[in-house]
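The opening position of the sequence shown corresponds to residue 1 in our numbering, with each subsequent residue numbered one higher. Ideal placement from N, C-alpha and C gives every residue a C-beta, glycine not left out. Please read all numbers here as calculations on a predicted model, not as lab measurements. Report on one structure; see the data block that follows.
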Amino acid sequence: METQTHTTTDRHGYSLRFSPFESNHMLLATSQLYGLAGGGSLFLLAQSSLDEVNSQNLTELCRLEWSDGLFDVAWCPYAADIAATASGDGSLQIWSGLDAESALTEQTPKQPLLCLQEHKNEIYSLDWGEKWNYHTLLSASWDCTLKLWDCNRQNSITTFVGHNDLIYCAKYSPLIANLFASVNP
């Protein structure tokens, strides 16, 4: 088994997700200064085949910038070139053009397709509705709330309150419709 790496200069990795559509693609969400200050970068990476000259390194297909740290990333479950990121400024970004063809022809938009902002603090986790509600996103924030978003709207559908501390993660159940769980310290 060969190990492949990708080094990011002045960025610290927070989330890595393999593409559900392309077996050799992955997204990496990063932040400057350990997420305490500075911007964030979203990298579209491709695994090199072992017969390539530079097979020890992952290939960077594109790099997108955001003004605050990026803490999580999730591929859209129904579109191979769309993903969402969670940011330190309390916003979610929906990015398009995250496929090899767009990246190689430099057609990947440099700005998000959509930016959703309602959280008052960092969003540290997000999850697509996947099996049950493909168009919904769930976000978990350090403002102690969870929000359910419809990507066809500019505002959240509902806000869930109940945590008394920062929320680090929220995930949908892959087997039970509309069930999710969240965790805080």
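Do Val161 and Thr145 have their CB atoms nearer than 8 Å?
yes
Would you identify the three-state DSSP class for Ser48, choosing helix, strand or coil?
coil
What does a CB cutoff of less than 6 Å around His25 pick up in its chain, not counting 5 residues either side in sequence?
Ser19, Ala46
Those runs of the beta strand (DSSP E) which lie wholly inside the stretch 89 to 128 and span at least 3 residues:
Correct list: 91 to 95, 114 to 117.
Where does Asp165 land, buried or exposed, given buried means 16+ other C-beta within 10 angstroms?
exposed
Can you tell me whether Tyr78 is helix, strand or coil according to DSSP?
Looking at Tyr78 - three-state DSSP - the assignment turns out to be coil, as it is neither helix nor strand.
For Gly13, three-class secondary structure by DSSP
strand
Quick one: is Gln93 buried, meaning 16 or more other Cβ sit within 10 Å of its Cβ, or exposed?
buried
For Leu113, does the count of other Cβ atoms within 10 angstroms reach 16, so buried, or fall short, so exposed?
exposed
Is it right to say Ser91 is buried, meaning 16 or more other beta carbons lie within 10 angstroms of its own, or is it exposed?
So Ser91 counts as buried.
Tyr34 to Arg11 span [Cα, whole Å]
8 Å
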